[in-house]
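Student: Read in numbering that gives the first Met the number 0, the sequence shown has 73 at position 74, and its numbers run on one by one without any break.
Note that CB positions come from ideal geometry on N, CA and C, so glycine has one too.
Following this message is one structure expressed as structure tokens.
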Amino acid sequence: MAGTRSGPGIPATPDRDRLTGVLVPVGPLELSVEEVRQLWSFIHGDIMDGSMRRLLRASLGLCPRHTWAYAVVEVELWQAGAGARGGHQPFDVTILYEDLLEHVADGLDRKSSLLHRHPEGALLPVGPCRICQDMASPDLPGLRMGYANSNTEALTAEANAMVHTTTWCLETVALWRDRVCPDCDPGTAEGAGDRVFLCCFHLAARRPLPDRLRHAVAARLREIRGRIRQLTESMTDYGAPVGAIENTSWIEAIGFFAGWGLPLYLATDPEEAWPKPGSQGADQGE
Ligand SMILES: [Zn+2]
Ligand SMILES: [Zn+2]
């Protein structure tokens, strides 16, 4: 019926969790050999060909765990490339998220009409995470080798060390610390913080959203997208080098789509950044 709040196509929360997995907690991210194998070949695949692009738009990329894992695998394992860093940079990731930021911003800016009654639907993935899906599919004989016969166990150990991801997070933390989703940040009291910084998950949980908030979030996503585009170009032969504000863009983009658990874990000191409510740690037994 017209007028119902959660219209067709907008799954209730349990369905949404089934489709997307849960947010990555503030803590270590230990990837399995199979996850690294899947993601490494995902990175080498044609992620942006027409049909794959449509699927990835519909599912808003990957689930939160595999979104961070995707970035980690690319940043850790990509040895050589163009641009000032020459490698260990999120090139595939920025191309995909430039596209997804625009897709979600367009959806949020859409006028609600008879046809599109719920612009917030842009925050909800349709279809499963393809890495989760591939991991769950039965073994196909002969297909369980790494990309180009690479030694996936060694690559997994390298990815899990997260040396380069940690460096990226530490180098940029001063720029993103104030833009973390307040609901992802254990240091923010429940319900406090600027709603415009909410991640995709926590925004979706507050549906329906006031129009002003929807448009403000869309503007924020477009602003991140502008910086991500410059970052992508800096990783090509013709692009100019970029500064810290562009280098921060991919962490903000992934924070929006997959929550902030991993960068908070890698780059902030919980004792310092997250004061215990009502005390200065007096109850903390060492
Ligand atoms: Zn997944
Ligand atoms: Zn959040």
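(1) If you run the structure through DSSP and keep just helix, strand and coil, what is Tyr237?
(2) Mind checking Ile227: buried by the 16 CB within 10 Å criterion, or exposed?
(3) Assign Tyr237 to one of two classes, buried (16 or more other C-beta atoms within 10 Å of its C-beta) or exposed (fewer than that).
(4) Can you have a look at His163 and say buried or exposed, based on whether 16 or more other CB atoms are within 10 angstroms of its CB?
(5) Looking at Val74: is its Cβ nearer than 8 Å to the Cβ of Gly260?
(6) Can you tell me which of the three DSSP states Gly260 falls into?
(7) Considering Trp67, what are the terminal residues of the alpha helix (DSSP H) in which it resides?
(8) Do Arg211 and Glu119 have their C-beta atoms closer together than 8 Å?
(9) Since Arg56 and Leu99 should fall inside the 8 Å C-beta cutoff, what is the C-beta to C-beta distance between them, to a whole number of angstroms?
(10) Can you grab the Cα-Cα spacing for the pair Val72 / Ala252, in whole Å?
(11) Who sits around ligand 2, taking every residue whose Cβ is closer than 7 Å to one of its heavy atoms?
(12) Report all residues from its chain with a CB closer than 6 Å to the CB of Ile130; omit the five preceding and five following residues, and keep chain order.
(13) Pull up the distance between the alpha-carbon of Leu107 and that of Met51, whole angstroms please.
(14) Within the continuous alpha helix (DSSP H) that includes Leu22, where are the two ends?
(15) Rounded to a whole number of angstroms, what is the C-alpha to C-alpha distance between Leu76 and Thr235?
(16) How would you call Gln78, buried or exposed, if buried means at least 16 neighbouring beta carbons within 10 angstroms?
(17) Does Ser248 come out as helix, strand or coil in the three-state DSSP assignment?
(18) With DSSP collapsed to three states, give me the class of His43.
(19) Could you compute how far the alpha carbon of Arg53 sits from the alpha carbon of Met134?
(20) Suppose the cutoff is 7 Å on Cβ atoms and the five residues either side in sequence are ignored; what does the same chain contact list for Arg178 look like?
(21) So Leu174 and Thr247 are in contact, right, with Cβ under 8 Å, and what is the actual spacing, rounded?
(22) What residue does the alpha helix (DSSP H) around Asn150 start on, and which one ends it?
(23) For the alpha helix (DSSP H) that Glu97 lies in, which residues bound it at each end?
(24) Does the Cβ of Arg224 lie closer than 7 Å to at least one heavy atom of ligand 1?
Tutor: Put simply:
(1) Position 238 of the sequence shown, counting from 1, holds the residue named residue 237. Note: Tyr237 maps to coil in three-state DSSP.
(2) On the sequence shown, position 228 is the one that residue 227 refers to. So Ile227 ends up on the buried side.
(3) Along the sequence shown, one-based indexing puts residue 237 at 238. It is exposed - the Cβ of Tyr237 has fewer than 16 other Cβ atoms within 10 Å.
(4) Within the sequence shown, numbered from 1, the residue matching residue 163 stands at position 164. Buried is the call here.
(5) Taking the sequence shown and counting its residues from 1, the one referred to as residue 74 is at position 75. Taking the sequence shown and counting its residues from 1, the one referred to as residue 260 is at position 261. Cβ distance not < 8 Å, so Val74 and Gly260 don't count as in contact.
(6) Along the sequence shown, one-based indexing puts residue 260 at 261. Here Gly260 sits in helix by DSSP.
(7) For the purposes of this step, residue 67 is taken as residue 68 along the sequence shown, with counting starting at 1. Trp67 -> alpha helix (DSSP H) spans Pro63 to Leu76.
(8) The residue labelled residue 211 in the question sits at position 212 within the sequence shown. The residue labelled residue 119 in the question sits at position 120 within the sequence shown. Going by C-beta atoms, Arg211 is not nearer than 8 Å to Glu119.
(9) Position 57 of the sequence shown, counted from the first residue, corresponds to residue 56. Position 100 of the sequence shown, counted from the first residue, corresponds to residue 99. Confirmed, about 7 Å.
(10) Start at 1 with the first residue of the sequence shown, and residue 72 comes out as number 73. Start at 1 with the first residue of the sequence shown, and residue 252 comes out as number 253. Their backbone Cα atoms lie some 17 Å apart in a straight line.
(11) Matched residues: Leu22, Cys180, Asp182, Cys183, Leu197, Cys198, Phe200, His201, Gly258 and Trp259.
(12) Numbered from its first residue, the sequence shown carries residue 130 at position 131. The answer, listed in chain order, is Gln37, Leu61 and His65.
(13) Along the sequence shown, one-based indexing puts residue 107 at 108. Along the sequence shown, one-based indexing puts residue 51 at 52. Answer to the nearest angstrom: the Cα atoms are 22 Å apart.
(14) Here the question's residue 22 lines up with position 23 in the sequence shown. Where Leu22 is concerned, there is no enclosing alpha helix (DSSP H), because DSSP gives it neither an H nor an E.
(15) Start at 1 with the first residue of the sequence shown, and residue 76 comes out as number 77. Start at 1 with the first residue of the sequence shown, and residue 235 comes out as number 236. Cα to Cα, Leu76 sits roughly 18 Å from Thr235.
(16) Counting from one through the sequence shown, the residue named residue 78 turns up at place 79. Under this definition Gln78 is an exposed residue.
(17) Mapped onto the sequence shown, residue 248 falls at position 249. Helix.
(18) One-based indexing of the sequence shown puts residue 43 at position 44. Note: His43 maps to coil in three-state DSSP.
(19) As a first step, residue 53 must be located in the sequence shown, where it is residue number 54. As a first step, residue 134 must be located in the sequence shown, where it is residue number 135. Computed Cα separation, rounded: 21 Å.
(20) Here residue 178 is taken as the residue at index 179 of the sequence shown, counted from 1. Cβ neighbours of Arg178 beyond the five flanking positions: Phe196 and Glu251.
(21) By one-based count along the sequence shown, residue 174 stands at place 175. By one-based count along the sequence shown, residue 247 stands at place 248. Confirmed, about 4 Å.
(22) Within the sequence shown, numbered from 1, the residue matching residue 150 stands at position 151. No alpha helix (DSSP H) contains Asn150, which DSSP labels as neither H nor E.
(23) Along the sequence shown, read from residue 1 onward, the residue named residue 97 stands at position 98. Taken as a continuous stretch (DSSP letters only), the alpha helix (DSSP H) holding Glu97 covers Phe90 to Asp108.
(24) The residue given as residue 224 occupies position 225 in the sequence shown. No, ligand 1 has no heavy atom inside 7 Å of this Cβ.
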